[in-house]
Structures are given as structure tokens and as C-alpha cells.
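Protein chains: 2
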Amino acid sequence: MQKSQNKLFAYKLVYKRIHTAILEGVLKPGERIPSARALAKEMGLSRGSVEEGYALLKSEGFIEAKGQAGTRVSQNLIEQPKPSLNEVTVRQPGFTTDLQTTDILPFQLGIPALDAFPFKTWARMAARNARNTAIDNLTYPSVYGLPELRLAIAQYLNLYRGVQCQPTQVFITSGYVNSIKWITKALLSPDDKVGVEDPGYPLTKLILENERLTPAFVPVDGSGVTIPKEREIKALVVTPAHQSPTCVSLSLQRRQMLLDWAAGNDSWIIEDDYDGEYRHTGLPLPALKSLDTQDRVIYSGTFSKVLFPNLRTAYIVVPQNLVSRFEQLSDLYAGNVAGLTQLCIFNFMQEGHFTRHIQRMRKLYRKRREFAAKLFAQYLGNNLSIEPQPGGMHMILKFNDPSCNDVEIANKLLHEGLYSQALSQWSSKKTHPGLILSFTNIKTEEECTALILRLKALL
Amino acid sequence: MQKSQNKLFAYKLVYKRIHTAILEGVLKPGERIPSARALAKEMGLSRGSVEEGYALLKSEGFIEAKGQAGTRVSQNLIEQPKPSLNEVTVRQPGFTTDLQTTDILPFQLGIPALDAFPFKTWARMAARNARNTAIDNLTYPSVYGLPELRLAIAQYLNLYRGVQCQPTQVFITSGYVNSIKWITKALLSPDDKVGVEDPGYPLTKLILENERLTPAFVPVDGSGVTIPKEREIKALVVTPAHQSPTCVSLSLQRRQMLLDWAAGNDSWIIEDDYDGEYRHTGLPLPALKSLDTQDRVIYSGTFSKVLFPNLRTAYIVVPQNLVSRFEQLSDLYAGNVAGLTQLCIFNFMQEGHFTRHIQRMRKLYRKRREFAAKLFAQYLGNNLSIEPQPGGMHMILKFNDPSCNDVEIANKLLHEGLYSQALSQWSSKKTHPGLILSFTNIKTEEECTALILRLKALL
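So the sequence lines, in the order shown, correspond to chains A and B.
Position one of the first sequence corresponds to residue 1 (the working numbering), numbered consecutively onward.
Position one of the second sequence corresponds to residue 1001 (the working numbering), numbered consecutively onward.
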């Protein structure tokens, strides 16, 4: 009974499935629909029923047979798909949902100089790896990360960042959020107090709150983050190379004090070394982790800045005596980065492109920052002053008028297609108004001048 | 003063950095070390100081100049790197840490038939995408997922799984763990009770506990999961296509009862459709989500089974009225899958390889399951009986002797290189002992017979 009824109305089921998909705009004019044979198998119906359903759709003009090209949604449908359903939402991290774009905006933070990335070298290498896909590359990658990549990262950190570590101490993650979640889960308990820099990167506080930890603001001064006064702070997230956003480097004396504090207080230091490679003046600074003789520092690195963000690949380095604790959580916190992605990064490092690229970028960013600072001073010197900075990938423009509302200005700029972040939104206290913006993708003085004039017109 | 002191001992810093990396086994014999010029820049030292350090390392035999090939760690080092440091740990998900391997073991669960994957087609397509890398592919991918891929998944689900959804309802994740974390964070509160199937996939319970939710066991019978009796259950994670591990399909009547329960109790159903495509007998079943007229079902799909696990790519489909709630959490829960990976999956779907591959695999699994069941019965019929199953990618072998200790047997098999999981470890209650094992990668009857004889010798 059930079966014969099924058969009786089977063509209607077919009709409904295709018809709905077209009306809802999921299937668009010109797009191919399954062959009657394939759909019959999928739906467990006879081919005849599917053909009957298709015939009805054809007679109503929804689909048309295109010979070799298969059956397709008609090009000249009277009903147009609803426009709102026609769009697929896109959003980059850090943007509010009401501004959706895949394009990079001028001054956008956190994006390396994409025009200077050796993407032909990368593309050739990635294509070679992809072509060599074999059965071995199809199964689960190691939950800790590709062994060769962990070794290459350990070598890089030992030689170039002064961080003594074994490859087993390196774990691959899918970005900063993943890194911080894994670290805090391994080391902290619910409701623990975790120090964050003030001013500081707003996302860090969000992640901690979401993990049900209690963020505590720790002030930043001219030597970087200060030593926490509250004894209950169990961990402190710091950006020693160029403090985010002030770009101050943590002084050597302060580094030592911080390590002593962590050892004495039995607390952890989470070193976010997001752009430590890029220093414009003075000596390069090794990572804070390189001074960590008492195993209190967990190092967080990323390929988003030194390669490119589309990779979604980062890593953490944990002290030797914590390796097994991090391994135990790997099923629940592993970065889950596709093997091909990890292999490409490994090859790029192995063949020497990685360190060469960093050296080139260091020069380029120095140059781009220099002309940007010069031109901003020249055109906007009456409104804004530019903080001198030893390194990093962004600039801070402080308004000369302390009563400016930097949040309003940043919003206004964003709606005119210019990116910036309001300094006051990175701080817990009332702060001198300013804008944080990136110079990394400004290629020429002419481009920079044009952008500054656009910005000036909006102030 | 500081500076002259630095200069005085600079060569020692260079010596120490390289020397330590060699002694610790991070730099291995034959591996290249940075040029004196590059290291001088990185460490902020004069080139002379680095050359002095290198000279000392050479005189002690640690490094040697190799002309064009650069300076390298000596091949004939007297000190050998410590063996334990020489290894980089690898582990697949689901393995205990004391069994570390990158190889797939016979009977290993959750791995599709890798020999039958069209990897030449895949490799060609992936290579083409990699070669076409351009500036546009370097920036952050949309936090929701690649728009084209979300659309392709929506089309696939509408046409082939009967799930009516818009592309905006589809979010890309980096696997099942990521999916469950995002869903539970969006819909549940701390300590909420969440139903899990009993017997059921052990990882689900682990994820929920780790997210500080309270798992509650809900019994499975011959029609699939039963209707929860506890009113406080706020969500239920189910595997309707082939219950994991029993492979029972949730009956149509039970599906309706479950949806009614969810609507009446204001609870959520999380449908884990991990292998819904693979049904061996009877009619294909559309997803439970296809009956969800009251928006209570969140659908969780994955590419690990229908393509391959190395991709680390999965997705969720959420009801229309929950889209913005999931979007709001995307910065903290986005899958962070590299753009190239998403583009490859999209192309594979777009060009029709995806549905063709699924159809081929359905036939292949039916065949492989049939001969495996036949041969197991033939050789092990006295010890074991095989449950008939309508679909899925694994078999259940029940021991005829109810006093068998399946955990001990599974451990013994694993140490002899044969994978299986003990049925009793997937259940909260004392259960009839059995083994869960996969047949997907057993290519021939001969191979199957050889494996069964190896297994038989260990029982």
C-alpha cells in the first residue's frame, strides 16, 4: 500500500525537489540538474517516475534538455530568484556583519604586502605538491601536525628567533583563536584570571571570555606591558616584539622581570609573536621565549603575516615538560590543517624561500612605513601626529584634538571604503583618540598621497 | 658599554645558537645553516662576528663549507643526536598515544576506500587551482566559508539529500569536533543536558564534556535512537542514516516522533550524517533534516568519508532563523579551512566528480561488505556472528561467547597491527561483546581471507 502510493506520487516528489530549488534560487538559470538515472538512484524511485517529474518541469518551462550538456534550468525563467537569496554572505574576520566584502580595503590591518608575495614560486610549488597527491596524502594527517613541518618550524625558531625547542614541542593550529583555546584549556581552570594588555588586541579578550576565563587588564607603558599586581593572575597574554597596538617593544629589563614574576607567581606567559620578524629600527629582538629558562612561556606564532592569511595555519611551542599535556588534548583541539597546506609551507621553508621572503619584506615594510609616515605628516600634520615605532605592520595616528571621537571617525571611514580601527576601542580606559591603520599594502608614494587625501576629506 | 660587551662576545652567541641546535638534534648532519650575512642581519651582529663564530664551529668539526651548496652541518659528527630527539611524533585521531603511526591499519574505522578515490582527477584539478594562485587567493577567506562552496553544498543537499536550504545556512568547519563546538555554543548554555546515543560514538561525549555540557545517555533500539524521557534534555546528537555503531537506520515513524518531541520540548536535534550516502540495501533515505518543518534540526556533514579525511573539511546547515546567531560566533568558531582546499572541493563538486564518486563508492562498499561478511562467517562462524546492516562503512562482529573480553581482544589485535574497536567501549551499560571494524579498504577476497586468518590466530 505504502509502496504503491509512493509510486503513484513519485513524480510529484521529483517535481517538488527541483521546483523548490529553482524557486528558492539555490539552482540558478543555466545550471545542470542530475540525470534522470542518477536522481532515480538517489531517491530510490524508478527512472520512469523521475522522467515524468522532469517532463512536467519541462512543460512548465523550468528546465530544458540541452543534448550533450544535460538537462539544465531554463535560461529565460519568468520567476526570478528572490534577490536576497541570491547572495551568499561573505565576511572577513574583524569586520562587523553589516560590511561584507572579499576585497581588501585600503589601510586594512593584519594583511601582509600581497603584491610582494612570491606567488609564482608558491603556485609552482603548490601545484607540484597537488600533482603528486597519492594514497598516502589522503588519510588523516597527524593530529599534532605534519612531522616535517614541525621540524622545519623548530629549526627556524632555533636559528632565527633564538628559541631552543624540539619539533615535538611544536603543534600546528588553524590560527590564533585555535592556539589560544588549546593553550588555555591545557593550562588553566574555569574562571581563572588571565591578564591581557591594556591597550590590547580586542579579540584576545573575546576568546578568553568565550572560554569562560576572566580577563584582567594589565597596563602597558613605554617599556611594554607592566608586571601584574594581582597575585591571582594565572596567565598573561603578551605581544613582546611590537605591543599590539602601541608597537612598543618589551624592554630587556621588563622581559626579565616578567619571567621572574611568572616563575615566582607560578603563572604562565603566552607570547603572541604575530609580527616579531618585522622590526624597522635598531637590533632585531629574539623572542621572549628565547630567555625562558624556567619553562613558563608558551609561544604562539602564525604564518598569516609572514606568508599569507588564506593559509589559516599557525603554531604553538610549548615547554618540554608540557608536551604530553598538549598531546592529550589534541583530538579536541588539533588545528585540522589539510595535509597539502602543511606540505606547501614545509616546502617553502625547506627550499629557503621563507627566510628570503622575510628579509625582503623587512626592507619593504621599512620603506613603505617611512614614506607613509612622511606623507601623513605632510598632509595631515595639523590634525594628526604619527607615533614613532620600532617595527610592526601598522601605524598609530593620534588626533591632535583630544576631544575627537575616534570611533565615529573610524565608522565613517569604513562606510566610505577606508579601513581603520579606533584606538579607544582597544583600551579599557578613556584614551587619547587615534586611528590604527596598516601601511603594508600601500605600494607607492602616489597611491599613499591619494589615500591620505581621501581620508583628509572625511575628517 | 652594553654594546661593546655585545660585540666582544658576539661570536659566542653565534657559536652557542648553532652548536645547541646540532647537539639537540634539531639541525641534522648535512643540513644547511644560514649564510653568515643572513644570520648577521637576523641577530643584529656584524658579519665578522658571525664569521668568527662559524670559524670556531668549523675548527671543532661541527660545520663545513660546501662551496655552492652553502655551509652545512658536518656529515661525520662524532656526537650523534640523541635518538629520542630525532623523532617527531605522529598520531592519528582515535589512536592512543602509545601507538603512533601514519599508516592505515587493516580494518581501520572511518577511512574511505582510498584505492578507489580518483586521485589523478583530484590532483590535476588541485594542481590547476594551485597554479592559478593570485593575489585574490592570499587574503582571509570568508569566515563563513567560500561562497561558491556553500552554494555547491546547498545544491547537493537540496537535490540529493532532500534538505531544503539556502547557501547562507551552510557554514564550513574544519571537522566534526569544530562543528559540534560551534553548534553547542550557539544553542546551549553551560551545564545543559545533551542526549547522546547509547551505544554511540565516544568522541561526541568527550566533546560535550569538554564544552562543559552534561551528556545524558539515550538508549538505541532496533528502530534507532529512542525518544528521550528526561524533559531537561536540551539537545540530542543522533546518527539517523546508520546509527553509530549499530548501523540501524532510524525508522520513519521514529523520525517523526523525534521531530515532534523536539518541537514539543523546545529541544534541538543535531543530525550527524557522517556516512548517510552509503546505504547497501533498500531505498536510500533522505536526511532527517529533510523532514524538519519546524526548524529544530541542525545538520552536520563531512567530506572526510565521501572524499578523504586529509582535507579536514566539514560543514553544518542551520535553520534560517538561526543564521545570524551562527554568524555572530564565526570569528571564534570559523572552520579556518584554507581557501585552496575549499576551492578544490568546490571544483570537484561543480564538475560532477563528486556525485559520480559517491555512486561508484556505493556499489564498491556493497560489494566489499558482501564478500567480507561471507568470508568472516566462513572462517570465524564458530567464534563470531555478523550483524546484518543496511548501510555504513563498518561491520559489527559479535562474539558468540558472551563472556569474552572485547577490550582485551581489541588491544591485543592493535598491538599486532590489526585495528578494531571494542563494542563495550561504545556503550554505557554492560553489553554483548563484539568488535567494530571497517571493510572499506579490503580490496579483494584474497586480501580479506589473509586478514581474517591473521585475526583468527589472535583470538
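Quick reminder that beta carbons are idealized off the backbone N, C-alpha and C, glycines included.
Bear in mind the structure is a predicted one, so any value in this text is a computation, not a measurement.
Any Cβ of chain B closer than 8 Å to the Cβ of E24 of chain A would place that residue at the interface, and such an atom is present. For G175 of chain A, the chain B residues whose C-beta falls within less than 9 Å of its own C-beta are A1334 and N1336, listed in chain order.
The beta carbon of G1162 of chain B sits closer than 8 Å to some beta carbon of chain A. In this structure L1322 of chain B does not touch A1422 of chain B by the C-beta definition: roughly 38 Å separates them, more than the 8 Å allowed. Taking 8 Å as the CB threshold, T1355 of chain B lines the interface with chain A. Under the DSSP assignment, W268 of chain A falls in the beta strand (DSSP E) whose first and last residues are W268 to D272.
Distances from the CA of M43 of chain A to each of B:T1173, B:Y1156, B:L1413 and B:I1270 were compared; the closest alpha carbon is that of B:Y1156. Residue pairing by DSSP places I1233 of chain B opposite B:K1193 in a beta bridge.
In the displayed model, Y419 of chain A falls within coil according to three-state DSSP, outside both helix and strand.
Under the three-state reduction of DSSP, V218 of chain A is assigned to strand.
Under the DSSP definition of a beta bridge, T302 of chain A partners with A:A314. By the Cβ-count criterion, I135 of chain A is exposed, with fewer than 16 other Cβ atoms from all chains shown falling within 10 Å of its own Cβ.
DSSP places D1136 of chain B within a helical segment (H, G or I) once states are collapsed to three.
Against A241 of chain A, chain B offers no close residue; the least beta-carbon distance is about 13 Å (beta-carbon pairs closer than 8 Å). For a cut-off of 8 Å, the C-beta gap from P1112 of chain B to K1305 of chain B is around 5 Å, short enough to register as a contact. Following the DSSP letters along the chain, one finds L1437 of chain B inside the beta strand (DSSP E) bounded by residues G1434 to S1438. By the neighbour-count definition (other C-beta atoms within 10 Å, threshold 16), Q256 of chain A is an exposed residue. In this chain, the alpha helix (DSSP H) harbouring K58 of chain A covers R47 to S59. Per DSSP, H394 of chain A is one residue of the beta strand (DSSP E) stretching across H394 to F399.
Residue contact check for T133 of chain A against chain B: a CB pair falls below 8 Å. Boundaries of the alpha helix (DSSP H) around T1184 of chain B: Y1176 to L1187. The beta carbon of V1194 of chain B lies closer than 8 Å to those of T1184, L1188, L1208, L1213, T1214, P1215, A1216, I1233, K1234, A1235, L1236 and V1237 in the same chain, with the five residues before and after it left out. Pairwise C-beta distances place the segment 164-179 of chain A in contact with the segment 1022-1038 of chain B, as three or more of them are shorter than 8 Å.
Shown here for C1247 of chain B: same chain residues with a beta carbon closer than 6 Å to its own, the five before and five after excluded, namely Q1389 and G1392 in chain order. Per DSSP, F1171 of chain B is one residue of the beta strand (DSSP E) stretching across V1170 to T1173. Between the C-alpha atoms of P228 of chain A and L459 of chain A there is a straight-line separation of about 38 Å.
Straight-line measurement puts the Cα of H357 of chain A at about 18 Å from the Cα of A314 of chain A.
Residue state for T1431 of chain B is assigned as coil, using DSSP reduced to three classes. Against chain B, the CB of N310 of chain A has a partner CB under 8 Å away; the residue lies at that interface. Residue state for L1384 of chain B is assigned as strand, using DSSP reduced to three classes.
Collapsing the DSSP output to three states places I207 of chain A in a helix. Counting every other CB atom within 10 Å of its CB across the protein chains shown gives S403 of chain A a total below 16, marking it as exposed. Annotation: Cβ neighbours of A1154 of chain B in chain A (cutoff 8 Å, chain order): V26.
Chain order gives no chain A residues near V1306 of chain B, where near means a beta carbon separation below 7 Å; the closest approach is about 12 Å.
Of the candidates B:V1225, B:E1230, B:I1442 and B:S1290, the residue whose Cα lies closest to the Cα of G1264 of chain B is B:E1230. Taking V1050 of chain B as the centre and dropping the five residues before and after it, the same chain places the C-beta of V1014, A1036, L1039 and A1040 closer than 6 Å to its C-beta, in chain order.
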